[in-house]
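Note that the working numbering has the sequence shown beginning at 39, numbered continuously upward. Beta carbons are placed, not taken as given, at the ideal position from N, Cα and C, and that holds for glycine. Owing to the predicted nature of the structure, the values given are computational and were not obtained by experimental measurement. Notes follow the structure.
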Amino acid sequence: MRVLLVDDMKVNRKLLHWMLEEEGHETIEASDGKQAVELFERERPDLVLLDVIMPVMDGYEAAQKIKALSTGRYVPIIFLTAISDDDALAKCLASGGDDFLTKPFNELILQAKIKAHCRIQEL
Numbered sequence: 039m040r041v042l043l044v045d046d047m048k049v050n051r052k053l054l055h056w057m058l059e060e061e062g063h064e065t066i067e068a069s070d071g072k073q074a075v076e077l078f079e080r081e082r083p084d085l086v087l088l089d090v091i092m093p094v095m096d097g098y099e100a101a102q103k104i105k106a107l108s109t110g111r112y113v114p115i116i117f118l119t120a121i122s123d124d125d126a127l128a129k130c131l132a133s134g135g136d137d138f139l140t141k142p143f144n145e146l147i148l149q150a151k152i153k154a155h156c157r158i159q160e161l
């Protein structure tokens, strides 16, 4: 599976890259929402892991643009967030997100969520 990793913190991208590579996934990395939208359009990944708070374009706006570019195919967007406020988490889903994962990342939960969204894609 090709996964677009979007986080302004390089250490988070590297950690996620390592977790995903270990499971055989290919990763593409972006450091902000604008770059994520451009890479999504060019690379056509199968899944997006998207930080919420980033410079240039935040995750909420990037999610809306990515969903608009998906053109009929289900591309799950899993928001990555340190925010635990219910309103903020609801906003993640309302802006086009399909799920969220709280920081710090739990590898077991990350892999379980990816597998669950893969099953949905296969329907």
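Segment limits, beta strand (DSSP E) that includes residue i
i     : result
SER67 : The sequence shown places Glu at residue 67, rather than the Ser named in the question. It spans 64 to 68 - the beta strand (DSSP E) in which GLU67 sits, taken as one unbroken run.
Expected contact under 8 Å - CB spacing of residue i and residue j to nearest Å
i      : j     : result
ALA100 : GLY71 : 3 Å
LEU43  : ILE66 : 7 Å
LEU118 : ASP45 : 6 Å
Whole-angstrom distance between residue j and residue i, CA atom to CA atom
i      : j      : result
GLN73  : GLY97  : 11 Å
GLN159 : TYR112 : 6 Å
ALA132 : THR140 : 17 Å
TRP56  : ILE104 : 24 Å
LYS129 : SER69  : 21 Å
LYS151 : ASN144 : 11 Å
Residue range of the alpha helix (DSSP H) that includes residue i
i     : result
GLU61 : First-last for GLU61: undefined, no H or E at that position.
Interface flag, residue i vs chain B, CB-CB below 8 Å
i     : result
THR65 : The structure shown has no chain B; it contains just one protein chain.
Enumerated in chain order, which unbroken segments of the alpha helix (DSSP H) with a length of 4 residues or greater are wholly contained in the region 82 to 161? Every alpha helix (DSSP H) of 4 residues or more that sits fully in the region 82 to 161 is shown, in chain order, as 97 to 107, 124 to 132 and 145 to 160.
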